[in-house]
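K.L.:
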Amino acid sequence: ADFVFTSCPTVCPKLTQRMLEIQRRSRHLGEAFHLVTITVDPENDTPEKLAAYAQGYKADPLRWTFLTGSLDATDEILSFFKQRLA
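Going by the numbering used here, the sequence shown opens with residue 4, and the numbers climb by one from there.
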C-alpha cells in the first residue's frame, strides 16, 4: 500500500513508479498479491481522477486498486498504518 495525491508534483510520482515496479515484479503471484494506493486528498481526488491517474501509469485494475473516501476515513486508515509501522 502507498499514499499519494494526484496533484503532487514531487514524491508521489516516484512512489507510484515504485508501485508500478512492484506490480511488474509480482505479476507471477496472481491473486495472492494486490496493490493498494490511497489518496491523502480525498476532497480533490475523485474516483474519476484516481482512475485517470491509475490509467496514466498503466496500473492493472485487477491487481492494483486506487481508493478514496471521506477525510475521516482517510485519517483513520493513516492512523492505522502509523500504528503498525511504529
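We put the beta carbon where it would ideally sit given N, CA and C, even for glycine.
As the structure is a prediction and not an experimental result, all values here were calculated from the model.
1. Helix or strand or just coil, what does DSSP make of F83?
2. Is it the case that the Cβ atoms of P50 and L74 are separated by a distance below 7 angstroms?
3. If you follow the beta strand (DSSP E) that E68 is in, where does it begin and where does it stop?
4. Below 7 angstroms CB to CB, which residues in the same chain sit around S29 once its five sequence neighbours on both sides are set aside?
5. Go to V14, then tell me how far its alpha helix (DSSP H) extends in each direction, as first and last residue.
6. Which residues mark the beginning and the end of the alpha helix (DSSP H) in which L53 is found?
P.N.:
Taking the coordinates as given:
1. helix
2. no
3. Note on identity: in this sequence residue 68 is Thr, with Glu being the wrong assignment. 67-70 is the span of the beta strand (DSSP E), which, as asked, contains T68.
4. F36
5. 14-28
6. 50-59
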